[in-house]
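Chains as they are written, first to last, in my numbering: chain A, 64 to 459; chain B, 71 to 227; chain C, 21 to 292. Scroll down for the structure; my scribbles are underneath it.
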Amino acid sequence: MDGPIPADGPLLMEAAALDPLLDALREAGYRVIGPTVSDGAIILGELGSADDLPFGWGVSLEPGGYRIRRRDDSAAFGHSAGPQSWKQFLHPPREKVWSARRVDGGFEVEAAGEPAAPLAFFGVRPCDLRAIEIQDQVLGRGQHAGSRYAARRAGVFIVAVNCTEPGATCFCTSMGTGPQAGPGYDLALTEMVTGDAHRFLIDVGSLAGADMLAGVPTGPADDAAAASARSAVADAADRMGRSMPADILHDLMAGSESAARWDDVASRCLTCGNCTMACPTCFCTTVEDVTDLSGDHAERWQLWDSCFDLDFSHLHGGPVRSSPRSRYRQWLTHKLGTWHDQFGISGCVGCGRCIVWCPVGIDLTEEVAALQAEARQPAETPPAEAPQPRTGSEPS
Amino acid sequence: MTVAAPALADHAFLRGMRADDVARLAGAAVAVSMPAGHRLFDEGAPAEKCWLLASGHVALDLHMPGRANLIVETLAGGDVIGFSWLAPPHEWQFGAEVVEPAEAFELDGATVMALCDRHPELGYQLTLRMLGAAVQRLQATRVRLLDLYAPPGGAGA
Amino acid sequence: MIFQAVPARYRVASRAAETHDTVTLGLEPVDQPIAPHRPGQFAMLYAFGSGEVPISISGEPGGSGLVYTIRSVGAVTQALCEAGPGELIGVRGPYGTDWGVTDAAGQDLVVVAGGIGLAPLRPALLAALAARERYRRVTVLIGTRTPDDLVFADELDIWRGQGADVRVTVDRATVGWRGHVGVVTQLIDRLDVDPAATLALVCGPEVMMRLTARSLLARGVAADGIRVSLERNMRCGIAECGHCQLGPLLLCRDGPVVSYERAAPLLSVKEL
Chain A
64 MDGPIPADGP LLMEAAALDP LLDALREAGY RVIGPTVSDG AIILGELGSA DDLPFGWGVS
124 LEPGGYRIRR RDDSAAFGHS AGPQSWKQFL HPPREKVWSA RRVDGGFEVE AAGEPAAPLA
184 FFGVRPCDLR AIEIQDQVLG RGQHAGSRYA ARRAGVFIVA VNCTEPGATC FCTSMGTGPQ
244 AGPGYDLALT EMVTGDAHRF LIDVGSLAGA DMLAGVPTGP ADDAAAASAR SAVADAADRM
304 GRSMPADILH DLMAGSESAA RWDDVASRCL TCGNCTMACP TCFCTTVEDV TDLSGDHAER
364 WQLWDSCFDL DFSHLHGGPV RSSPRSRYRQ WLTHKLGTWH DQFGISGCVG CGRCIVWCPV
424 GIDLTEEVAA LQAEARQPAE TPPAEAPQPR TGSEPS
Chain B
71 MTVAAPALAD HAFLRGMRAD DVARLAGAAV AVSMPAGHRL FDEGAPAEKC WLLASGHVAL
131 DLHMPGRANL IVETLAGGDV IGFSWLAPPH EWQFGAEVVE PAEAFELDGA TVMALCDRHP
191 ELGYQLTLRM LGAAVQRLQA TRVRLLDLYA PPGGAGA
Chain C
21 MIFQAVPARY RVASRAAETH DTVTLGLEPV DQPIAPHRPG QFAMLYAFGS GEVPISISGE
81 PGGSGLVYTI RSVGAVTQAL CEAGPGELIG VRGPYGTDWG VTDAAGQDLV VVAGGIGLAP
141 LRPALLAALA ARERYRRVTV LIGTRTPDDL VFADELDIWR GQGADVRVTV DRATVGWRGH
201 VGVVTQLIDR LDVDPAATLA LVCGPEVMMR LTARSLLARG VAADGIRVSL ERNMRCGIAE
261 CGHCQLGPLL LCRDGPVVSY ERAAPLLSVK EL
């Protein structure tokens with residue numbers, strides 16, 4: 064990530080070169096994390112070798128539905144919207160923040176130690192790359208420059224993978240986050256599988272990326288290969304399953320406080336919080352202070368939290384956001400609207416995970432369309448039934 | 071001491087009232103200066119007057135056995151003191167005592183009622199203002215009942 | 021704001037009971053002291069093994085000391101209120117926006133406090149009284165539950181001596197109370213206000229602040245001439261846990277002091 068981007072054009076490598084690349088990363092001291100099949104899903108786990116990658120596996124996606132399926136080719140990256148995102152590594156679900164122990168005259172506090180091996184993320188989709196950038200903004204910059212997140216993030220090596228096959232629930236194009244990876248990667252791969260040929264176009268994004276390829280068999284990409292890769296990605300931009308009117312989202316959310324649509328979605332939403340767990344940008348946490356039985360040793364732990372939790376907005380004896388309606392409204396208006404006010408950027412990258420992993424299949428693109436339609440209508444509250452005057456005499 | 075209409079017209083309670091109605095009221099009003107400690111009325115006594123307080127500070131109180139007089143509300147310049155003269159049983163429900171020396175216009179209840187009978191417009195204007203003052207006090211009392219400063223978890227935040 | 025990986029330890033130098041459930045603690049640093057608070061800011065105070073709570077600075081002790089006034093309403097605040105001289109407390113801060121009392125220079129300053137809300141306002145008032153000539157009239161209106169719940173009761177005459185018009189009203193009187201009885205908004209209704217040249221600082225329960233702002237607006241004070249101190253669930257204090265959101269605001273960073281012009285539309289939305 065440091066240093067100027069090499070000016071030479073893209074490189075080409077065979078799929079067989081994936082192992083040397085993974086070896087190079089491990090030899091450089093990285094723990095390599097990437098997609099792998101497990102428990103009927105494509106999850107993110109530590110890669111021992113290229114064999115751990117999900118060659119030939121794809122996914123079928125729909126609101127509230129995710130199934131892996133056999134592809135008719137051997138692509139390793141022909142899938143999307145897995146249940147996890149890279150945030151579990153940069154912003155862990157459970158993390159000790161500090162520990163304290165009683166001593167004579169009071170107590171001592173010690174910050175929790177940092178993890179040992181730096182991480183290499185292998186196979187970061189463009190939407191997820193943007194999500195990492197968003198979390199960097201929220202958790203790692205400005206006043207957070209000294210945080211644990213920032214320390215963890217500084218050492219990460221990123222191999223992004225451009226998308227050539229969007230999922231049915233994807234909408235990165237309209238959110239401006241893909242299918243081509245934006246800046247922030249060390250290397251970006253574009254997978255090309257035609258018949259028996261399985262190759263990757265490589266864009267080098269940093270000096271560290273260039274260095275990592277030193278022992279890996281690559282060659283300059285010929286124009287045909289480069290063109291083929293670029294057009295595959297460009298085509299993907301037009302094949303998104305969904306879309307969002309990104310440029311009006313902030314104002315739409317700001318004006319929708321009393322929209323009737325919230326009641327509609329509230330009748331379906333279970334407030335289970337799956338969306339917040341699966342979302343790659345949701346960052347909310349809570350803290351837990353625990354002691355051991357002796358009471359002499361205390362620890363402060365940071366845990367993922369969700370605005371759907373009733374306790375999230377607890378104030379003076381009860382939750383401020385008590386109704387499911389108010390909690391769904393908070394999540395969506397924050398993600399698409401007030402995130403801009405708070406951080407200067409959108410909170411949504413168009414990965415579609417919230418659609419896939421919602422147990423009742425709530426689709427935020429549909430909700431936005433409904434809110435938009437409602438906003439366009441003139442206020443049309445039907446007149447309330449006027450109370451009928453009591454006549455005092457029986458109807459004849 | 072009788073009251074000149076312009077002096078009465080200045081009082082916040084009568085703001086906006088027509089000059090001739092104010093003049094009628096002035097005929098029923100007496101300007102009074104009350105020292106600290108002066109009791110305007112006691113609980114249970116016949117309620118025959120009301121006061122438009124111009125300055126100073128008057129406390130409405132209740133006598134509680136073993137607890138002396140407990141103040142239930144305090145009134146200051148601009149406030150009207152006394153509603154119980156308006157309706158039966160025409161008896162004061164609380165007592166009233168001057169805390170800080172007060173200047174006020176004292177109105178005789180019977181005279182004011184007779185004036186209102188003869189001049190319905192005056193009656194209407196006075197009723198509106200009395201109602202307004204009572205509503206304000208009712209609203210303030212409701213807020214006090216919320217006990218906002220109680221420990222959280224008790225009253226609403 | 022400097023990122024603190026752990027709380028800074030402070031020793032309780034003094035402890036004064038304000039009322040039956042409220043205590044003022046004076047703290048002196050054991051570790052490297054944190055940056056000085058500006059009036060209106062808060063810190064996350066840590067009681068060993070219990071947890072952290074956000075507490076506004078309530079005094080101006082001078083030097084590197086800190087002063088906080090804490091009401092015992094839960095496990096952590098109870099532990100803090102029970103801390104005696106010599107005990108250690110953890111402090112992270114200072115965080116948040118300040119009252120900006122110097123913006124009232126040349127104007128009338130009206131401070132309206134409800135209950136424990138007087139504590140976060142006190143540093144602003146002390147700063148104003150220390151430079152009294154900069155302000156025209158300085159008025160302090162205090163609403164409290166009963167006379168026994170009045171905090172800083174023994175300082176009111178000192179403030180009057182320094183040029184503040186201090187008026188106290190109670191929701192409910194006790195025997196012997198000869199002062200005002202009624203809601204604090206009634207004190208506003210009776211105040212001589214110069215609407216064009218008034219800065220009002222308001223702190224107390226949210227309902228009290230809304231009603232107070234309403235009374236001030238009715239007297240002609242502009243919404244941007246009224247500042248309130250807002251409160252929501254706070255866990256980290258450093259704008260990374262998401263809990264203290266109120267619409268577009270993160271109250272640990274964009275508050276707690278917020279102009280009423282900004283706060284009013286947010287406070288009027290139920291369950292925002």
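Every residue, glycine too, gets a C-beta built ideally from N, C-alpha and C.
Asked: Neighbourhood of L373 of chain A by C-beta, 6 Å cutoff - its chain only, sequence neighbours within 5 removed; Found: P382
Asked: Three-state class that DSSP yields for M104 of chain B in the structure shown; Found: strand
Asked: Assumed close pair T334 of chain A, F375 of chain A - CB separation to whole angstroms, cut-off 8 Å; Found: In fact, because the Cβ distance is near 10 Å, the residues do not count as touching under 8 Å.
Asked: Local conformation of V121 of chain C per DSSP, three classes; Found: helix
Asked: Coarse secondary structure for H403 of chain A, derived from DSSP in three states; Found: helix
Asked: Check whether V328 of chain A and E430 of chain A have beta carbons under 7 Å apart; Found: yes
Asked: Pair within 7 Å by beta-carbon distance, Y319 of chain C and V241 of chain C; Found: Since the first and last residues shown for chain C are 21 and 292, residue 319 of chain C lies out of range.
Asked: CA-to-CA distance, T117 of chain C to A227 of chain B, given in whole angstroms; Found: Note that A227 of chain B has pLDDT 35, beneath the 50 cutoff, so the model's placement of it is unreliable and no number is given.
Asked: Reduced DSSP category for W420 of chain A - H, G, I as helix; E, B as strand; rest coil; Found: helix
Asked: Within-7 Å CB hit, F261 of chain C to chain A; Found: Per the sequence presented here, residue 261 of chain C reads as Cys, with Phe not at that position. Taking Cβ atoms only, chain A reaches closer than 7 Å to C261 of chain C, which makes this a yes.
Asked: CA-to-CA distance, M134 of chain B to L176 of chain C, given in whole angstroms; Found: 30 Å
Asked: Residue-level contact to chain C via CB, F170 of chain A, 7 Å cutoff; Found: yes
Asked: Candidates C:P59, C:L266, C:G110, C:V158: closest to D128 of chain C by CA position; Found: C:V158
Asked: Any C-beta of chain C under 7 Å from that of L366 of chain A; Found: no
Asked: N225 of chain A in three-state terms, based on DSSP; Found: coil
Asked: Cβ of T339 of chain A within 7 Å of any chain C Cβ; Found: no
Asked: Alpha helix (DSSP H) segment containing F170 of chain A, residue limits; Found: From DSSP, F170 of chain A is part of no alpha helix (DSSP H) but of the beta strand (DSSP E) over 169-174.
Asked: Proximity test, Cβ basis, 7 Å: R109 of chain B and chain C; Found: no
Asked: Three-state secondary structure (DSSP) of K290 of chain C; Found: coil
Asked: Length at least 4, wholly inside the region 321-401 of chain A: the alpha helix (DSSP H) runs in chain order; Found: 324-329, 337-341, 387-396
Asked: Residue from C:C272, C:S34, C:E291 with nearest C-alpha to L47 of chain C; Found: C:S34
Asked: Sequence-distant residues of the same chain with beta carbon closer than 6 Å to T166 of chain C, five excluded per side; Found: V190, R192, T194
Asked: Supposed contact pair A184 of chain C and V160 of chain C - C-beta distance, whole angstroms, cut 8 Å; Found: 5 Å
Asked: Rounded straight-line distance, which links the Cα of G318 of chain A to that of V73 of chain C; Found: 34 Å
Asked: Pairwise C-alpha distance: E254 of chain A and P268 of chain C; Found: 41 Å
Asked: Residues that A141 of chain B contacts on chain C, provided the C-beta gap is smaller than 7 Å; Found: According to the sequence as given, residue 141 of chain B is Ile; it is not Ala. Neighbours of I141 of chain B on chain C, chain order: A193, W197, V201.
Asked: Spatially closest choice to A238 of chain C from C:P215, C:R31, C:M229, by CA coordinates; Found: C:P215
Asked: C-beta atoms of F111 of chain B and W162 of chain B nearer than 7 Å; Found: yes
Asked: Cut-off 7 Å between Cβ atoms - residues of its own chain near L78 of chain B, not counting five sequence neighbours on either side; Found: L84, V92, L95, A96, A99, F175
Asked: First through last residue of the alpha helix (DSSP H) which encompasses P83 of chain A; Found: 81-90
Asked: Within-7 Å CB hit, R252 of chain C to chain B; Found: no
Asked: Own chain partners of R154 of chain C with C-beta closer than 6 Å, once the 5 adjacent residues on each side are dropped; Found: A125
Asked: Chain C within 7 Å of L218 of chain B, Cβ atoms only; Found: yes
Asked: Per-residue DSSP class, three states only, for Q243 of chain A; Found: coil
Asked: Minimum Cβ-Cβ distance from V93 of chain C to chain E less than 7 Å; Found: In the structure shown, chain E does not exist; the protein chains are A, B and C.
Asked: Q61 of chain C - DSSP class collapsed to helix/strand/coil; Found: coil
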